[in-house]
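Protein chains in written order, with numbering that gives the first Met the number 0: chain A, 0 to 403; chain B, 0 to 403.
2 protein chains.
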Amino acid sequence: MLVVKKFGGTSVADKERIFNVARRCIEDYKKGNEVVVVLSAMGKQTDVLLDMARDINPKASKRELDMLMTTGEQVSVALMAMAMDALGVPAVSFNAFQVQMHTTAVYGNSRLKKIDTERIRTELENKKIVIITGFQGINKYDDYTTLGRGGSDTTAVALAAALHADACEIYTDVDGVYTADPRLVKDARKLSEITYDEMLDLATLGAGVLHNRSVELAKKYGVQLVVRSSLNNSEGTVVKEEVKMEKMLVSGVAVDRNVARISVIGLLDQPGVAFKLFNHLARHNINVDVILQSVGRDGTKDISFTTTADDCDEAVEIVKRHGEGSLKCQKIEVEKEVAKLSVVGAGMMSNPGVAAKMFEALYDVGINIKMISTSEIRVTVIIDDKHVEQAINSVHQKFSLGEN
Amino acid sequence: MLVVKKFGGTSVADKERIFNVARRCIEDYKKGNEVVVVLSAMGKQTDVLLDMARDINPKASKRELDMLMTTGEQVSVALMAMAMDALGVPAVSFNAFQVQMHTTAVYGNSRLKKIDTERIRTELENKKIVIITGFQGINKYDDYTTLGRGGSDTTAVALAAALHADACEIYTDVDGVYTADPRLVKDARKLSEITYDEMLDLATLGAGVLHNRSVELAKKYGVQLVVRSSLNNSEGTVVKEEVKMEKMLVSGVAVDRNVARISVIGLLDQPGVAFKLFNHLARHNINVDVILQSVGRDGTKDISFTTTADDCDEAVEIVKRHGEGSLKCQKIEVEKEVAKLSVVGAGMMSNPGVAAKMFEALYDVGINIKMISTSEIRVTVIIDDKHVEQAINSVHQKFSLGEN
Chain A
0 MLVVKKFGGT SVADKERIFN VARRCIEDYK KGNEVVVVLS AMGKQTDVLL
50 DMARDINPKA SKRELDMLMT TGEQVSVALM AMAMDALGVP AVSFNAFQVQ
100 MHTTAVYGNS RLKKIDTERI RTELENKKIV IITGFQGINK YDDYTTLGRG
150 GSDTTAVALA AALHADACEI YTDVDGVYTA DPRLVKDARK LSEITYDEML
200 DLATLGAGVL HNRSVELAKK YGVQLVVRSS LNNSEGTVVK EEVKMEKMLV
250 SGVAVDRNVA RISVIGLLDQ PGVAFKLFNH LARHNINVDV ILQSVGRDGT
300 KDISFTTTAD DCDEAVEIVK RHGEGSLKCQ KIEVEKEVAK LSVVGAGMMS
350 NPGVAAKMFE ALYDVGINIK MISTSEIRVT VIIDDKHVEQ AINSVHQKFS
400 LGEN
Chain B
0 MLVVKKFGGT SVADKERIFN VARRCIEDYK KGNEVVVVLS AMGKQTDVLL
50 DMARDINPKA SKRELDMLMT TGEQVSVALM AMAMDALGVP AVSFNAFQVQ
100 MHTTAVYGNS RLKKIDTERI RTELENKKIV IITGFQGINK YDDYTTLGRG
150 GSDTTAVALA AALHADACEI YTDVDGVYTA DPRLVKDARK LSEITYDEML
200 DLATLGAGVL HNRSVELAKK YGVQLVVRSS LNNSEGTVVK EEVKMEKMLV
250 SGVAVDRNVA RISVIGLLDQ PGVAFKLFNH LARHNINVDV ILQSVGRDGT
300 KDISFTTTAD DCDEAVEIVK RHGEGSLKCQ KIEVEKEVAK LSVVGAGMMS
350 NPGVAAKMFE ALYDVGINIK MISTSEIRVT VIIDDKHVEQ AINSVHQKFS
400 LGEN
């Protein structure tokens with residue numbers, strides 16, 4: 000059996016944890032499995048590097064930032080190979096150049112295109128554990144790129160797909176996917192199984208366990224994922240195409256607090272305004288999430304949208320540059336203290352009452368809804384960040400998610 | 000004019016120094032020159048990484064050590080590109096993969112074979128300063144290798160040769176090549192010029208300013224080197240084929256304290272013993288320096304040799320393994336507190352009195368000589384490390400090196 004195991008930064012933050020991960024991988028190896036390990040940078044190393052960069056040049060180019068960042072995972076994989084070797088198991092580490100982890104050209108938020116598995120297979124045949132840098136790739140210019148947030152998950156899934164792995168295990172600091180964040184909701188319950196689509200919505204919406212791109216990729220290539228804890232041996236949550244158990248109305252409530260709302264007030268109410276606005280943002284690789292456009296009035300209209308809090312300042316700058324110029328907007332408003340709350344469930348498709356039930360749960364505790372967005376299996380609202388805890392508990396209870 | 004400028008770890012140890020180096024390179028760039036910069040890892044970063052590795056696995060494989068170490072220079076070059084960019088000059092950083100810095104297969108102490116200059120030339124034509132990781136290369140397996148001590152000097156010279164650079168400037172924390180280490184000898188004098196051969200002997204013998212491989216390479220390809228200080232604008236020392244000024248008898252006195260002496264006592268006095276002994280060491284890439292073989296007696300003979308202090312333990316282990324086995328030696332003695340003192344000078348070739356004069360200088364201050372080795376332009380002795388300061392001053396004075 001070929002297993003891809005991915006461990007995040009906290010799992011390799013120090014010597015002790017590195018050896019823990021090494022032992023865990025060796026367990027699998029000793030069962031006769033072929034083991035491929037994907038690692039993130041140690042602990043807060045990515046932040047340390049980012050701080051160094053910002054100190055030198057707050058507007059450092061993304062190309063050079065990626066050049067800097069990618070050293071983080073390389074340190075992790077080299078140390079892990081040394082740890083396994085110290086435990087008597089042959090291991091070899093690779094970076095993105097060595098396994099030709101090809102991505103799109105863009106820096107800072109690239110997408111994987113192709114992986115050369117030949118070298119990995121050779122080393123697996125040599126009975127080595129193969130350890131690969133997550134998060135990073137190389138583009139057509141032979142420059143380093145990085146895959147953006149949660150990029151190591153994507154690396155793991157892509158490797159599992161390319162190697163036709165029998166399992167892809169994502170180790171995190173939680174032991175699976177919960178009906179809600181257990182830090183916020185006391186009776187949150189761990190799900191034993193969840194569909195790709197539900198996980199996709201949970202991931203996109205900030206459940207924080209898996210990154211959406213990794214779930215997309217897993218769905219596309221039918222890679223069965225297991226989300227498990229690196230700290231204990233509990234079963235975890237399996238993410239796959241169909242779940243056996245009867246579908247619940249709602250599988251979970253997700254919160255994303257890394258959100259900012261930008262409102263562009265008084266745009267000319269004429270065709271092409273929204274296109275132009277979002278085209279400028281897209282060209283700068285800024286992901287826009289919930290979009291709300293007001294009904295036109297007095298020849299003008301307002302457009303509100305959310306971005307990640309990280310992208311907010313850049314987005315505002317772009318909107319200012321173009322918005323005040325060709326788009327002739329009157330005012331730009333920014334709210335950084337907002338959060339996104341969503342309920343997700345494949346069962347929703349055949350049950351129209353979910354949105355209303357969610358709004359009721361928020362009304363019960365007097366929370367104002369700022370924006371609403373829905374999909375087939377999801378209802379999302381934007382609320383003030385300070386109400387998050389109250390809101391998620393009320394919604395969790397309204398859908399009886401704590402009960403088995 | 001195309002200039003290659005190399006800066007060591009202390010020159011890029013923190014933000015302020017990084018900007019100093021950036022400004023220095025930009026000065027050259029603004030004169031219309033094409034500038035290629037070679038950097039080492041920041042400050043003590045190589046030691047930090049090495050300590051991490053030793054903590055995890057004291058016997059870490061050299062392959063994984065190189066994988067770890069090479070992150071150091073990558074951090075330096077990325078930050079330098081950001082600094083130059085902050086100062087308004089376009090710059091781009093490259094690692095060994097990106098400029099295909101091909102080396103021999105061996106890890107930890109590899110040799111450069113070939114560099115692909117196409118990408119560098121393209122970026123220079125784009126009016127960018129090109130910043131390249133020193134010390135590192137890649138081998139035929141597409142693994143990282145490192146060039147051993149002083150490797151960044153070698154990278155700079157190799158790049159200067161490959162790019163047919165008009166100048167290769169090696170910036171260090173001293174402002175040139177001295178007749179002796181100014182920290183040890185008060186009236187040591189800076190040389191304005193020195194030949195490759197003299198520099199080669201001084202480098203090999205521990206003048207510590209330039210690494211011997213870099214000088215060898217410079218000689219082979221006729222790359223004129225300038226050794227300068229990164230801290231001031233003084234002229235430095237030019238290293239080239241022929242020096243104009245009248246050749247002095249001796250150009251300098253060099254000390255190497257990173258030396259250990261290993262004596263293998265009571266080997267069988269039969270053909271092939273020395274070959275076998277040193278063949279084993281060579282196969283483990285251990286450089287042996289001064290070798291002394293006693294005249295045979297009672298059917299046995301003794302062989303003493305020196306290695307770097309770093310290699311000593313490994314060398315002893317190898318000698319033990321083979322020496323006590325097939326070579327049937329009676330005893331192995333190790334002395335770690337020894338140093339190598341040498342006088343170097345192209346003028347020596349036509350003047351046989353130099354060795355005697357050096358021995359006299361040591362006799363004057365009552366210092367015992369443990370081993371002697373000579374070449375055409377060099378006399379080397381091994382002495383107790385505790386006598387180094389006294390010895391170098393006595394020799395420096397005997398040859399009147401402090402006088403112009």
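Built from N, CA and C at the ideal position, the CB exists for glycine as well.
Q.
So that I know if they touch, is there some Cβ in chain B lying closer than 9 Å to that of residue 97 (chain A)?
A. Residue contact check for residue 97 (chain A) against chain B: a CB pair falls below 9 Å.
Q: Just confirm the distance between the C-beta atoms of residue 177 (chain A) and residue 185 (chain A), as a whole number of angstroms; I'd bet it's less than 8 Å.
A: Contact flag wrong, Cβ pair sits at about 11 Å.
Q | Those residues which DSSP pairs with residue 0 (chain B) across a bridge | A | Looking at the DSSP output, residue 0 (chain B) shares a beta bridge with no other residue.
Q. Is the shortest distance between the beta-carbon of residue 60 (chain B) and the beta-carbons of chain A less than 9 Å?
A. So yes, residue 60 (chain B) belongs to the interface.
Q. Using 8 Å as the threshold, is the segment 72 to 89 of chain A in touch with the segment 83 to 95 of chain B, meaning 3 or more CB pairs across them?
A. With a cut-off of 8 Å, the segment 83 to 95 of chain B and the segment 72 to 89 of chain A do not count as touching, because too few Cβ pairs lie within range.
Q: Could you check the C-alpha separation between residue 360 (chain A) and residue 125 (chain A) for me, to the nearest Å?
A: Straight across, the Cα-Cα distance linking residue 360 (chain A) with residue 125 (chain A) is about 58 Å.
Q: Can you give me the start and stop residues for the beta strand (DSSP E) that residue 101 (chain A) sits inside?
A: Segment 100 to 102, the beta strand (DSSP E) holding residue 101 (chain A).
Q) Which bits of chain A does residue 55 (chain B) rub up against, with CB to CB less than 7 Å? A) The contact set of residue 55 (chain B) on chain A, defined by CB atoms closer than 7 Å, consists of 14, 17, 78, 81, 82 and 85 in chain order.
Q: Give every residue of the same chain whose Cβ lies closer than 6 Å to the Cβ of residue 34 (chain A), excluding the five residues on either side of it in the sequence, and list them in chain order.
A: If we look at residue 34 (chain A) and ignore the five residues flanking it on each side, its Cβ neighbours are 2, 24, 27, 28 and 128.
Q | DSSP-derived helix/strand/coil call for residue 65 (chain A) | A | Helix at residue 65 (chain A).
Q: Starting from the C-beta of residue 284 (chain B), find all residues in its chain whose C-beta is less than 8 Å away, skip the five residues before and the five after it, and write them out in chain order.
A: So the list reads 105, 107 and 108, once near-sequence residues are dropped.
**Q.** Buried or exposed (CB count within 10 angstroms, at least 16 for buried), residue 65 (chain A)
**A.** Per the 10 Å Cβ criterion, buried.
Q. Any idea which residues DSSP pairs residue 258 (chain B) with across the strands?
A. DSSP lists B:307 and B:337 as partners of residue 258 (chain B).
Q. Between which two residues does the beta strand (DSSP E) carrying residue 96 (chain B) extend?
A. If you look at residue 96 (chain B), you'll find it isn't in any beta strand (DSSP E); DSSP assigns it neither H nor E.
Q: Going by DSSP, name the residue or residues bridged to residue 383 (chain B).
A: Residue 383 (chain B) is bridged to B:337.
Q) So, residue 325 (chain A) versus residue 363 (chain A), is the Cβ gap smaller than 9 Å? A) At least 9 Å separates the beta-carbon of residue 325 (chain A) from that of residue 363 (chain A).
Q) Does residue 103 (chain B) have its Cβ less than 9 Å from a Cβ in chain A? A) Among the CB atoms of chain A, none fall inside 9 Å of the CB of residue 103 (chain B).
Q.
If you follow the beta strand (DSSP E) that residue 10 (chain A) is in, where does it begin and where does it stop?
A. Neither: residue 10 (chain A) is in no beta strand (DSSP E) and is coded neither H nor E.
Q) Where does residue 153 (chain A) sit, in a helix, a strand or coil, going by DSSP? A) In the three-state reduction of the DSSP assignment, residue 153 (chain A) falls in the helix class, which pools H, G and I.
Q | Neighbouring residues, chain A, relative to residue 141 (chain B) (Cβ below 8 Å) | A | 96, 97 and 118, listed in chain order.
Q | For residue 292 (chain A) and residue 265 (chain A), the rounded distance between their alpha carbons | A | Going from the Cα of residue 265 (chain A) to the Cα of residue 292 (chain A) covers about 11 Å.
**Q.** Cβ neighbours of residue 103 (chain A) in the same chain (closer than 8 Å, five flanking residues each side left out)
**A.** Same-chain partners within the cutoff: 109, 110, 112, 138 and 144.
Q.
Please classify residue 274 (chain B) as buried or exposed, where buried requires at least 16 other C-beta atoms within 10 Å of its C-beta.
A. Exposed is the call here.
Q. What do you reckon, are the CB atoms on residue 175 (chain A) and residue 236 (chain A) nearer than 9 Å?
A. Contact flag set, yes.
Q. Of the residues A:238, A:229, A:228 and A:260, which one's Cα is nearest the Cα of residue 215 (chain A)?
A. The closest CA to that of residue 215 (chain A), considering only A:238, A:229, A:228 and A:260, is found on A:238.
Q.
On the CB-based measure, 16 or more other CB atoms within 10 Å of its CB, does residue 63 (chain B) come out buried or exposed?
A. By the Cβ neighbour-count rule, residue 63 (chain B) is buried, with 16 or more other Cβ atoms within 10 Å of its own.
Q: Tell me, please, which residues DSSP counts as bridged to residue 225 (chain B).
A: Among the bridge pairs identified by DSSP, residue 225 (chain B) is matched with B:168 and B:237.
Q | Check whether residue 281 (chain A) and residue 342 (chain A) have beta carbons under 9 Å apart | A | 9 Å or more divides the Cβ of residue 281 (chain A) from the Cβ of residue 342 (chain A).
Q.
Using beta carbons (cut-off 9 Å, strictly below), is residue 74 (chain A) in contact with chain B?
A. Closer than 9 Å to some Cβ of chain B, the Cβ of residue 74 (chain A) qualifies, so yes.
Q | Own chain residues within Cβ distance below 8 Å of residue 22 (chain A), not counting five before or after | A | In the same chain as residue 22 (chain A), and ignoring 5 residues on each side of it, the C-beta atoms closer than 8 Å to its own belong to 86, in chain order.
(Q) Using 9 Å as the threshold, is the C-beta distance between residue 411 (chain A) and residue 366 (chain A) below it? (A) Chain A is shown only over 0 to 403; residue 411 (chain A) falls outside these bounds and no answer can be derived.
Q) Residues of chain B with a CB under 7 Å from the CB of residue 92 (chain A): which are they? A) Within chain B, the residues near residue 92 (chain A) are 63 and 66.
Q: Would you list, in chain order, the members of the segment 43 to 54 of chain A that have their beta-carbon closer than 9 Å to a beta-carbon of chain B?
A: Within the segment 43 to 54 of chain A, the qualifying residues are 48, 51, 52 and 54.
Q) Would you report the Cα separation of residue 383 (chain B) and residue 183 (chain B), rounded to the nearest angstrom? A) Looking at the two C-alpha atoms, the distance is approximately 16 Å.
Q. Can you tell which of A:224, A:134, A:20 and A:302 has its C-alpha closest to the C-alpha of residue 82 (chain A)?
A. Ranking A:224, A:134, A:20 and A:302 by Cα distance to residue 82 (chain A) puts A:20 first.
Q: Quick one: give me the first and last residue of the alpha helix (DSSP H) that residue 353 (chain B) is part of.
A: Its alpha helix (DSSP H) spans residues 353 to 363.
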